[in-house]
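Enquirer: Following this message is one structure expressed as structure tokens.
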Amino acid sequence: MTTFDARASLSDLTTTADRVRRSVENVIEGKPEVVRVALTVLLAEGHLLIEDVPGVGKTMLSKALARSIDCTVRRIQFTPDLLPSDITGVSVFDQQQRDFEFKPGAIFAQIVVGDEINRASPKTQSALLESMEERQVTVDGTTYELPSPFMVIATQNPVEMEGTYPLPEAQRDRFTARVSIGYPSPDAELKMLDVHGGVSPLDDLQPVAHAHDIVKLIEAVRQVHVADPVRRYAVTLVGATRDHPDLRLGASPRATLHLIRAARASAALDGRDFVLPDDVQALASAVLAHRLLPTAQAQLNRRTPEQVVAEILQRVPVPDPSAGRQPGMPGARGL
Numbered sequence: 001m002t003t004f005d006a007r008a009s010l011s012d013l014t015t016t017a018d019r020v021r022r023s024v025e026n027v028i029e030g031k032p033e034v035v036r037v038a039l040t041v042l043l044a045e046g047h048l049l050i051e052d053v054p055g056v057g058k059t060m061l062s063k064a065l066a067r068s069i070d071c072t073v074r075r076i077q078f079t080p081d082l083l084p085s086d087i088t089g090v091s092v093f094d095q096q097q098r099d100f101e102f103k104p105g106a107i108f109a110q111i112v113v114g115d116e117i118n119r120a121s122p123k124t125q126s127a128l129l130e131s132m133e134e135r136q137v138t139v140d141g142t143t144y145e146l147p148s149p150f151m152v153i154a155t156q157n158p159v160e161m162e163g164t165y166p167l168p169e170a171q172r173d174r175f176t177a178r179v180s181i182g183y184p185s186p187d188a189e190l191k192m193l194d195v196h197g198g199v200s201p202l203d204d205l206q207p208v209a210h211a212h213d214i215v216k217l218i219e220a221v222r223q224v225h226v227a228d229p230v231r232r233y234a235v236t237l238v239g240a241t242r243d244h245p246d247l248r249l250g251a252s253p254r255a256t257l258h259l260i261r262a263a264r265a266s267a268a269l270d271g272r273d274f275v276l277p278d279d280v281q282a283l284a285s286a287v288l289a290h291r292l293l294p295t296a297q298a299q300l301n302r303r304t305p306e307q308v309v310a311e312i313l314q315r316v317p318v319p320d321p322s323a324g325r326q327p328g329m330p331g332a333r334g335l
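In this text, residue positions in the sequence shown follow full-length UniProt numbering: the first is 1, and each later residue adds one.
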């Protein structure tokens with residue numbers, strides 16, 4: 001890609017992403033940082049886990065992002081009686097053709113919203129594993145490619161545990177990032193009463209970007225430069241979780257890959273074609289914390305994975321910010 005093309009792509013990216021951001025923020029009041037993480041995960045070709053208490057807008061955020069993009073969207077309400085074939089699809093015998101015909105399941109969409117994913121059985125949850133990692137589905141020995149872009153946005157409630165099944169580590173590791181929306185500020189809650197009091201703002205939400213626009217933006221994100229010191233910094237951060245005394249399970253190599261991809265997307269959203277250590281630091285907690293399992297003693301001491309990640313960020317030396325730029329690069333581009 002030439003320098004001119006790189007600048008043009010980043011300019012298009014920031015313009016389109018800003019339209020999507022404003023569209024989502026019309027629905028989700030006072031949570032710009034959460035909306036940014038959701039956009040970052042989309043452009044990083046990842047999947048998002050939204051985990052929070054009831055009534056704070058988990059499903060609303062996922063629906064707002066999905067409706068802001070003109071693409072195929074499917075919503076799956078996860079329940080204990082949901083079957084894997086409801087997600088992946090099933091082969092049905094056609095009496096007229098005298099042959100089996102594949103009926104695609106809900107996973108065959110560009111944005112899949114999984115509501116309360118931990119209410120389904122582990123067997124059903126595992127139906128997402130192949131699609132989230134390899135972007136394909138295999139049914140009866142036949143592999144079907146999924147559309148692009150492809151993103152799973154799942155929600156779960158961490159406080160109501162009756163009738164739920166905790167996500168296994170392999171499933172959580174496939175989510176690029178986890179966010180918690182949290183309660184709104186009093187001003188944002190007052191504004192929400194005005195906006196949401198009569199009709200749902202989702203009803204008036206119109207797409208502000210097309211699926212092929214998102215594909216182009218993803219291609220632009222892939223061109224963002226990651227210097228060797230920044231890559232080493234990410235590897236050191238992730239490696240520090242594997243021998244931390246408060247953790248019995250650290251982050252996987254997949255976590256390192258997701259961290260770099262998310263940092264690329266974050267840099268592109270800021271109009272830069274190179275990643276800074278600040279990009280890695282800003283996303284470390286969202287990308288790493290949900291993959292970490294604390295020891296029993298750490299749980300007794302009420303040590304959270306987020307606190308461990310914050311401690312590691314303080315301890316690991318940060319490379320020189322100028323190390324993120326390519327040789328001869330004068331500064332940021334696009335903005």
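Ideal Cβ positions, reconstructed from N, Cα and C, are used throughout, including at glycine.
1. CB T164 to CB I50, shorter than 8 Å?
2. Expressed to the nearest angstrom, what Euclidean distance is found between the alpha-carbon atoms of V20 and Q297?
3. So for Q125, helix, strand or coil by DSSP?
4. Is A234 near I214, with beta carbons less than 8 Å apart?
5. Could you compute how far the alpha carbon of E169 sits from the alpha carbon of A227?
6. Quick check on the DSSP output: the alpha helix (DSSP H) that includes I214 runs from which residue to which?
7. Would you check if there are 3 or more beta carbon pairs closer than 8 Å linking the stretch 68 to 79 to the stretch 107 to 127?
8. Determine whether the beta carbon atoms of A251 and L288 lie at a separation below 8 Å.
9. Confirm, please, whether the CB-CB distance from A211 to Q110 is below 8 Å.
10. What does the alpha-carbon distance come out to for the pair F150 and I312?
11. Please name the residue or residues paired with E130 in a DSSP beta bridge.
12. Take T124 as the anchor and find which of R272, L65, L167 has the nearest alpha-carbon.
13. Hey, V275 and A177: beta-carbon distance below 8 Å or not?
14. Can you check which of these residues, E145, P54, P229, N157, is closest to D134 by C-alpha distance?
15. Three or more C-beta pairs under 8 Å: does that hold for the stretch 83 to 96 against the stretch 40 to 60?
16. Can you tell me which of the three DSSP states K191 falls into?
17. Tell me whether the beta-carbon of S68 lies closer than 8 Å to the beta-carbon of V208.
18. Give the DSSP-derived three-state secondary structure of Y233 in the structure shown.
19. In the DSSP output, which residue or residues are listed as bridge partners for residue 369?
20. Short check: CB of A284 to CB of V318, under 8 Å?
21. At what residues does the beta strand (DSSP E) containing S91 begin and finish?
22. Using the DSSP secondary-structure output, state which residues sit across from A177 in a beta bridge.
23. Determine the closest residue to K191 out of E29, V24, T16, with distance taken between C-alpha atoms.
24. Which value, in whole angstroms, describes the spacing of the CA atoms of P277 and Q314?
25. Taking the beta carbon of A282 as the centre, do at least 16 other beta carbons fall within 10 Å, making it buried, or is it exposed?
26. V199 by DSSP, collapsed to three states: which one?
27. Comparing alpha-carbon positions, which option in K31, V199, D52 lies nearest P158?
28. Buried or exposed for E33, going by 16 or more other Cβ atoms inside 10 Å?
29. My assumption, with CB atoms under 8 Å, is that V35 sits in contact with E25. Please give the rounded CB distance.
30. By the three-class DSSP mapping on this structure, what secondary structure does H290 have?
31. Would you say Q281 lies against chain C (beta-carbon separation less than 8 Å)?
32. Per DSSP, R75 forms a beta bridge with which residues?
33. Quick one: is T256 buried, meaning 16 or more other Cβ sit within 10 Å of its Cβ, or exposed?
34. To the nearest angstrom, how far is the alpha carbon of E219 from that of E162?
Expert: Short version:
1. Stepping through the sequence shown from its first residue, residue 164 is reached at position 164. Stepping through the sequence shown from its first residue, residue 50 is reached at position 50. No; because the gap between Cβ atoms is not below 8 Å, this pair is not in contact.
2. The residue you call residue 20 lines up with position 20 of the sequence shown. The residue you call residue 297 lines up with position 297 of the sequence shown. In a straight line, the C-alpha of V20 is about 43 Å away from that of Q297.
3. Indexing the sequence shown from 1 puts residue 125 at position 125. Q125: helix per DSSP, three-state reduction.
4. Residue mapping note: residue 234 aligns to position 234 of the sequence shown, counting from 1. Residue mapping note: residue 214 aligns to position 214 of the sequence shown, counting from 1. No, the pair does not count as a contact, with Cβ atoms beyond the cut-off.
5. Residue numbering aside, residue 169 sits at position 169 when the sequence shown is read from its first letter. Residue numbering aside, residue 227 sits at position 227 when the sequence shown is read from its first letter. One alpha carbon belongs to E169, the other to A227, and they sit about 30 Å apart.
6. As a working note, residue 214 is residue 214 in the sequence shown. It spans 211 to 222 - the alpha helix (DSSP H) in which I214 sits, taken as one unbroken run.
7. Flag = yes, the stretch 68 to 79 and the stretch 107 to 127 touch.
8. Walking along the sequence shown from the start, residue 251 turns up at place 251. Walking along the sequence shown from the start, residue 288 turns up at place 288. Result yes, Cβ atoms of A251 and L288 sit closer than 8 Å.
9. Residue mapping note: residue 110 aligns to position 110 of the sequence shown, counting from 1. Residue mapping note: residue 211 aligns to position 211 of the sequence shown, counting from 1. Yes, they are a contact pair.
10. Within the sequence shown, numbered from 1, the residue matching residue 150 stands at position 150. Within the sequence shown, numbered from 1, the residue matching residue 312 stands at position 312. Those two C-alpha atoms are separated by around 32 Å.
11. Translated into the one-based positions of the sequence shown, residue 130 becomes position 130. Per DSSP, none; premise fails for E130.
12. Reading the sequence shown from its first residue, position 124 is the one you call residue 124. Ranking R272, L65, L167 by Cα distance to T124 puts L167 first.
13. By one-based count along the sequence shown, residue 275 stands at place 275. By one-based count along the sequence shown, residue 177 stands at place 177. No, they are not a contact pair.
14. Start at 1 with the first residue of the sequence shown, and residue 134 comes out as number 134. Per the sequence shown, the amino acid found at residue 134 is Glu instead of Asp. When only C-alpha atoms are compared, the closest one is E145.
15. no
16. One-based indexing of the sequence shown puts residue 191 at position 191. Correct three-state label for K191: helix.
17. The residue given as residue 68 occupies position 68 in the sequence shown. The residue given as residue 208 occupies position 208 in the sequence shown. For S68 and V208, yes; Cβs fall inside 8 Å.
18. Translated into the one-based positions of the sequence shown, residue 233 becomes position 233. Correct three-state label for Y233: helix.
19. No answer is possible for residue 369: it lies beyond the span of the chain, which begins at 1 and ends at 335.
20. The count along the sequence shown starts at 1 and reaches residue 284 at position 284. The count along the sequence shown starts at 1 and reaches residue 318 at position 318. Result no, Cβ atoms of A284 and V318 do not sit closer than 8 Å.
21. Working through the sequence shown from its first residue, we reach residue 91 at position 91. Counting along the chain, the beta strand (DSSP E) containing S91 begins and ends at 89 to 94.
22. As a first step, residue 177 must be located in the sequence shown, where it is residue number 177. Partner(s): L48.
23. Sequence index remark: in the sequence shown, residue 191 carries index 191 (1-based). Looking at the Cα atoms, E29 is the closest of the given residues.
24. Taking the first residue of the sequence shown as position 1, residue 277 is located at position 277. Taking the first residue of the sequence shown as position 1, residue 314 is located at position 314. P277 and Q314: Cα-Cα distance of roughly 13 Å.
25. Reading the sequence shown from its first residue, position 282 is the one you call residue 282. Burial call: buried.
26. Position 199 of the sequence shown, counting from 1, holds the residue named residue 199. Looking at V199 - three-state DSSP - the assignment turns out to be coil, as it is neither helix nor strand.
27. Within the sequence shown, numbered from 1, the residue matching residue 158 stands at position 158. For P158, the nearest C-alpha among the options comes from D52.
28. Along the sequence shown, one-based indexing puts residue 33 at 33. Burial call: exposed.
29. Within the sequence shown, numbered from 1, the residue matching residue 35 stands at position 35. Within the sequence shown, numbered from 1, the residue matching residue 25 stands at position 25. The pair is a contact, with the Cβ atoms about 6 Å apart (cut-off 8 Å).
30. For the purposes of this step, residue 290 is taken as the residue at position 290 of the sequence shown. In the structure shown, H290 sits in a helix (DSSP, three-state: H, G or I).
31. Absent from the structure is chain C; it holds one protein chain and no more.
32. Locating residue 75 in the sequence shown gives position 75, counting from the first residue. Answer is V113, bridged to R75.
33. Here the question's residue 256 lines up with position 256 in the sequence shown. By the 10 Å Cβ count, T256 comes out buried.
34. If you number the sequence shown from 1, residue 219 lands on position 219. If you number the sequence shown from 1, residue 162 lands on position 162. Cα-Cα distance, rounded: 43 Å.
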